[in-house]
Each structure stands twice: as structure tokens, then as C-alpha cells.
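Everything on this sheet refers to the single structure shown next.
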Amino acid sequence: MSRFAGDMPNPDSTVVGQNAEAPDLLEEEQLRANVYALLSALLISPPDETLLAVVKGLEGDDSDFGMALGGLALQANELGAEEIVDEFTRLFYGHGAGGELHPYASFYLTGFIYGKPLADLRQDMGVLGRARTDVTSEPEDHIAILLNAVHDLITGTQGDPLDLDGQKDFFDKHVAPWAGKFFEDLENAENAGFYRPVGTIGRLLMEIEGRAFTIAA
Amino acid sequence: MTEETKKQNTRSRRAFLKGAGIAGVAGVAAAASLVVTTEVEATEMSTEKAAGYSETDTVRTYYEAARF
């Protein structure tokens, strides 16, 4: 069984057509997978220097999505690393410990953490041949772990990739019911500065994905 | 679904994703492998970073507020 929440993916897997374990993805599919990976990295912990350097260099086009990425780069260039760590803490520091947001599917869908949505997700990931690792203590329905799982299901970095129909089913069941609302809450969070455009990017990605899946269906 | 319909849907999907800006973000594309590598490093560092949070004023405030 492959792991989906912490094993080292092959960096080459992000290069279109160069990973023997992954299918030759169309460029657009690889790029959307990259956005999932970027959001996952930003939401699992405060960005380290390497990730911050990447974010500072982001450039978007004149679409809403592109402008949101440009806004994130601007924030990264204006804020210090310690400010971002403090912001992350104020936003996400644990259920019951005062964090403004609780980035878990179970919380958004039931009002409690470790609920049925998590059990359903674990069951489906098991069917897909993925199991969590103990690298992070966060449950699988944490937004960052879930986005990382979607990245994996697109690229096949941790197991067999899903075709678009399979990705749509997973998205409709485990992501769409709550992730857009979470990102909207992140955009509007009182403590959000650096993470406000992260929320915008996530909300727009959810909208784009929902629409794109209907085109493919 | 016919093969031609599938091809048309693929073309439509690609055009939509391009128009939505997904394909117009040079930074994400250029930094793709770095982002994924960093993602894992960030995950692996999460426990260590969590310990670091307790040293910030913000976290101390939260601990104080959460104390019974």
C-alpha cells in the first residue's frame, strides 16, 4: 500500500512526461496538480525559506487566479518570515487552542473533528491503495493533507493515478463539499494577511476545478 | 461517448484551464519540483516547527487563555 501524506515524492514527477511511474500528463493537468501541491505546502506549516523564495517569485497573468498569485508574491515580499509564522499560529493553532480556523473536513461538515467525513475519506483512500504516514499528526481530512492527496491522485506519485472521472468523484465527495467554504473563510479571516491571497487562490482553484470537471464529464 | 467527443471535451477542458489562469502562472510551473520537494520538507518539519511555536508571544497567549 502506498502512502499519501508524507512519503518523499519523486521531484522528477513534476516534470511532464519524465517520470516512469506517472502517466504523461497534459501540461494543464500537471499545472493544476502543482497548484494543489503549492497550497498544501503553504497550509501544512509556515513556509520555510525555500518555499518563501518560490512564493516571492510567483507571477500570474491578468486572470483573477493569476492576480491572486501575484498578490501572494507581494505579501511574501512585504512580510517577514516571523510575521508569517505568527499569522499561521493565530489562524491554525489547533482545535480548541485558539486558532481562528479549523481546516478539517469533519469540522466543516459536522461541527466536530475526527468525524464521519474523516472515516469516509480513510476508507476511500484505502480503496485507492493509499495509507497515511505518521510523519504529521494531522488527520487525513486536514486541508493540506487532502490537497496533497489530490496532487498525488492526479500525478500518481504515490500510487496509481486516477483518470478524470475518478478525480471528479473524489473531488465531489471529499473536497467540494467544504474546501471552498474553508478558503472563503481564510480569505476573510481576521488574522489573515499573507494567507488572505492563499484563501483566494484556493477558492478560485475550487471554482475552476468544479467547472473543469463538468467540461470533462 | 465517442472518441471524437472525448477529444473535443479534452480540447474544451484545456482551453478552459488556460483561460482560467491555471496555465498562465509561470512561477508555479518553473518552481514545480521545488514546490513538491518543499512540501515534503515542510511536512517533515511540522513537528519541530510546532515546538518552536510555543516560544512565540502569540502561542504563549493562547496557552494562557486555554489554561483552566
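Sequences listed follow chains A and B, in order.
Count the first sequence with my numbering and you get residues 81 to 297, in order.
Count the second sequence with my numbering and you get residues 231 to 298, in order.
Every residue gets a Cβ at the ideal spot worked out from N, C-alpha and C, and that includes glycine.
Just so we're clear, the structure is a prediction, and the values are computed from it rather than from any experiment.
Original post:
By Cβ distance below 7 Å, which residues in the same chain neighbour Glu180 (chain A) in space, the five residues on each side in sequence not counted?
Top reply: For Glu180 (chain A), same chain residues with a beta-carbon under 7 Å away, outside a window of 5 residues either side, are Arg170, Leu171, Ala269, Glu270 and Asn271 in chain order.
Original post:
DSSP on Ala296 (chain A), reduced to helix/strand/coil?
Top reply: DSSP, read as helix, strand or coil, puts Ala296 (chain A) in helix.
**OP:** At 7 Å on the CB atoms, spell out the chain B contacts of Ala161 (chain A), in chain order.
**Re:** Within 7 Å Cβ-Cβ: nothing; Ala161 (chain A) doesn't reach chain B, min ~11 Å.
**OP:** Determine which residues share a DSSP beta bridge with His222 (chain A) and list them.
**Re:** Per DSSP, the beta bridge partners of His222 (chain A) are A:Tyr184.
Subject >> Contacts that Leu106 (chain A) makes with chain B (C-beta to C-beta distance below 7 Å) >> reply: Arg244, listed in chain order.
Subject >> Given Gly273 (chain A) as reference, the closest of A:Pro197, A:Ala133 and A:Ala148 once Cα atoms are compared >> reply: That would be A:Ala148, whose Cα lies nearest to the Cα of Gly273 (chain A).
Subject >> Minimum Cβ-Cβ distance from Ala199 (chain A) to chain B less than 8 Å >> reply: No - not a single Cβ of chain B is within 8 Å of the one on Ala199 (chain A).
Subject >> Residue of A:Asp142, A:Ile124, A:Leu132 and A:Leu198 minimising C-alpha distance to Glu158 (chain A) >> reply: Here the closest residue by C-alpha is A:Leu132.
**OP:** Consider the Cβ of Lys237 (chain B): report whether some Cβ of chain A lies at a distance smaller than 8 Å.
**Re:** By this cut-off, Lys237 (chain B) is not an interface position.
**OP:** Classify Asn268 (chain A) as helix, strand or coil using the three-state DSSP reduction.
**Re:** In the structure shown, Asn268 (chain A) sits in coil (DSSP, three-state: anything other than H, G, I, E or B).
Original post:
Helix, strand or coil for Pro298 (chain A) per DSSP?
Top reply: What is shown of chain A runs 81 to 297, which leaves residue 298 (chain A) out entirely.
Original post:
Applying the criterion that 16 or more other CB atoms from any shown protein chain within 10 Å of the CB defines a buried residue, is Ala121 (chain A) buried or exposed?
Top reply: By the neighbour-count criterion, in which 16 or more other beta carbons inside 10 Å mark a residue as buried, Ala121 (chain A) falls on the buried side.
Original post:
Would you report the Cα separation of Gly191 (chain A) and Glu233 (chain B), rounded to the nearest angstrom?
Top reply: About 45 Å.
Subject >> Which of helix, strand or coil DSSP assigns to Val96 (chain A) >> reply: With a pLDDT of 32 at Val96 (chain A), under the threshold of 50, the modelled position of this residue cannot be trusted; read the value that follows with caution. Note: Val96 (chain A) maps to coil in three-state DSSP.
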